[in-house]
Amino acid sequence: MTTRRRIGLAGARRRPSRAVADHGAPKLEFTSGTPYDDYVAAEALHGLQRPVTDLPEERAFLVTTQVMELYFGLIRAEWRLAQRLLDADDIVAATAVLARSVRYFEALNASWAALSWLTPAQFNSFRDALGEASGFQSAMYRHLEFLLGNKSEPLTRPHRRNPRVYQELVAALRAPSLYDSVLALLARRGFDLPPAADPAAEYVPSPQVEAAWVKVYAEGGPGEDLWTLAETLTDLSERFSDWRYRHLMAVRRSMGAKPGSGGSSGLTWLERSLRRDVFPELWSARTAM
1 MTTRRRIGLA
11 GARRRPSRAV
21 ADHGAPKLEF
31 TSGTPYDDYV
41 AAEALHGLQR
51 PVTDLPEERA
61 FLVTTQVMEL
71 YFGLIRAEWR
81 LAQRLLDADD
91 IVAATAVLAR
101 SVRYFEALNA
111 SWAALSWLTP
121 AQFNSFRDAL
131 GEASGFQSAM
141 YRHLEFLLGN
151 KSEPLTRPHR
161 RNPRVYQELV
171 AALRAPSLYD
181 SVLALLARRG
191 FDLPPAADPA
201 AEYVPSPQVE
211 AAWVKVYAEG
221 GPGEDLWTLA
231 ETLTDLSERF
241 SDWRYRHLMA
251 VRRSMGAKPG
261 SGGSSGLTWL
271 ERSLRRDVFP
281 ELWSARTAM
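In this text, residue positions in the sequence shown follow the numbering used here: the first is 1, and each later residue adds one.
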C-alpha cells in the first residue's frame with residue numbers, strides 16, 4: 001500500500017491541476033465564428049481564389065496577383081492621406097505617411113520573387129485560359145499612376161462598363177496628383193513655380209520646378225522639412241521604378257516579347273513605361289546641383 005501511495009503521489013505531481021494547465025491557454029469556444037475571421041475575413045479571402053484551370057501554377061499566379069492588388073489599395077489610401085496633409089501644410093506628418101508607403105513597396109516588389117520560378121512553358125499552360133485578362137486593366141494600379149501624375153484619359157476607358165470604378169478613375173484623372181500637391185506646397189513656401197496646369201493632363205517637367213528642388217537641397221539638409229520630403233519622394237520614385245522593372249523582367253522571363261493578353265505590345269509597353277520618370281525634376285536636379 002505504501003508503494004502504491006507513493007506512485008499515486010508521484011503521478012499527481014506529473015499531472016498539474018486543470019487550473020494550472022489552462023493558465024494562459026487561448027480561448028477555444030466562441031458563440032459564432034472566431035473573432036479573427038470576423039476581423040480579417042479569412043474565409044472570404046480564401047474563397048476569392050477561383051482558378052479557371054486545374055494547374056497549380058495558375059493558383060500561384062492568381063494569389064500573387066491578388067496580394068499585389070491589396071497593396072495597391074493600401075498605397076492609394078496612404079498617398080491620399082499624405083496629399084490631404086500636404087494641402088494642410090503638415091509636411092512632417094505627410095512625409096511620415098509617404099515613408100510608410102516606401103516600406104509597403106518593399107513587400108510589394110518582393111511579391112515578384114514568388115513567381116520567379118514561372119517558366120514560359122508553365123505560364124503558357126494556363127495563359128490562354130485567362131482570355132483578355134491583363135494586369136494592364138487593374139483600376140487600382142491606374143489610381144497609383146494617376147496619383148503620381150502619369151495621367152491618360154484613354155486608360156480609363158477599359159472600365160466604362162463598371163460605372164463605380166470608371167467614375168472613381170475619372171475623378172482621379174481630373175483631380176490634382178500627389179506631385180501637384182507637393183508643388184503647390186513649394187509655391188506657398190515662396191518658390192517661383194509656373195502656374196498650375198490642367199490636372200487631367202500628363203505632367204510635363206519644368207525648369208522652374210527643377211530649380212526649386214536645387215534650392216531645397218542647397219539651403220536645407222537632414223532634419224529640414226522640405227529636404228526630408230524631397231528625399232522621401234525620391235525613395236518613393238525609386239521603389240516605384242523597381243516595381244516597373246520587376247514587372248518588366250517577370251514578363252520577359254515568362255513570355256518573352258509576345259504581345260500582352262490585354263492587347264498591349266507587352267514588353268515594349270513596359271519598357272516605355274519604365275523610361276517615364278516619377279517626380280522627374282527630383283532626378284534632373286541632381287545633375288544641376
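Glycine residues also receive a C-beta, built at the ideal position from the N, C-alpha and C atoms. From a predicted model like this one, the values you see are computed outputs, not experimental measurements.
| Check | Outcome |
| --- | --- |
| Could you tell me the alpha carbon to alpha carbon distance between V246 and T119, rounded to whole angstroms? | Before going on, a small fix: residue 246 reads as Arg here, not Val. Rounded to the nearest angstrom, the two C-alpha atoms are 15 Å apart. |
| Count the CB pairs spanning the stretch 184-197 and the stretch 99-116 that are closer than 8 Å, and state whether there are at least three. | no |
| Roughly how many whole angstroms lie between the Cα atoms of K27 and T34? | 10 Å |
| Short check: CB of L140 to CB of E69, under 9 Å? | In the sequence under discussion, the amino acid at residue 140 is Met, which differs from the Leu named in the question. Their beta carbons are under 9 Å apart, which means M140 touches E69 by this criterion. |
| Name the two residues that bound the continuous alpha helix (DSSP H) containing W112. | Unbroken run through W112: none, as it is neither H nor E. |
| Does H143 come out as helix, strand or coil in the three-state DSSP assignment? | helix |
| Near E58, which residues of its chain fall below 6 Å by C-beta distance, leaving aside the five closest residues on each side in sequence? | P51 and F126 |
| In three-state terms, what does DSSP make of E168? | helix |
| Anyone know if the C-beta pair for Y179 and Y203 falls short of 9 Å? | yes |
| Grab the span of the alpha helix (DSSP H) containing D225 for me, first residue to last. | D225 to M255 |
| Might you give, ordered along the chain, the residues of its own chain that have their beta carbon closer than 8 Å to the beta carbon of N124, omitting 5 neighbours on each side? | M255 |
| Contact between the stretch 79-87 and the stretch 206-223 is defined here as three or more beta-carbon pairs at a separation below 8 Å; is this criterion met? | no |
| The alpha helix (DSSP H) with E78 in it runs from where to where? | P56 to D87 |
| Quick one: give me the first and last residue of the alpha helix (DSSP H) that K27 is part of. | From DSSP, K27 is part of no alpha helix (DSSP H); its letter is neither H nor E. |
| With a threshold of 16 other CB atoms inside 10 Å of the CB of W213, please say whether the residue is buried or exposed. | buried |
| Whose C-alpha, out of T232, S32, K151 and A171, is nearest the C-alpha of A99? | T232 |
| Going by DSSP in three states, A23 sits in which element: helix, strand or coil? | A small correction: the amino acid at residue 23 is His; Ala does not occupy that position in the sequence shown. Coil at H23, not helix or strand. |
| Grab the span of the alpha helix (DSSP H) containing V278 for me, first residue to last. | Per DSSP, V278 belongs to no alpha helix (DSSP H) and is neither H nor E. |
| The ligand FAD and L62: does any heavy atom of the ligand fall closer than 8 Å to the residue's C-beta? | As for the ligand FAD, it is missing from this structure, which has no ligand bound. |
| Taking the C-alpha atoms as reference points, what is the distance between H143 and S32? | 38 Å |
| Out of curiosity, what's the CA-to-CA distance linking R286 and A184? | 21 Å |
| State buried or exposed for L30, treating a residue as buried only when at least 16 other CB atoms are found within 10 Å of its CB. | The residue you asked about is not Leu; residue 30 is Phe in the sequence shown. When all chains shown are included, F30 counts as exposed. |
| When DSSP labels each residue in this structure, what does S101 get in the three-state scheme? | helix |
| Using the three-state DSSP reduction, which class does T2 fall into: helix, strand or coil? | Confidence is the limiting factor: at T2 the pLDDT is only 49, short of 50, which leaves the residue's position unreliable and the question unanswerable from this model. |
| Is the beta carbon of V209 closer than 9 Å to that of L226? | no |
| What does a CB cutoff of less than 6 Å around L9 pick up in its chain, not counting 5 residues either side in sequence? | Reliability of the predicted coordinates at L9 is poor, the pLDDT of 46 falling under 50, and the value obtained from them is presented with this limitation in mind. Correct list: empty, nothing qualifies. |
| How is P195 classed by DSSP in three states: helix, strand or coil? | coil |
| Which residues mark the beginning and the end of the alpha helix (DSSP H) in which E219 is found? | P207 to E219 |
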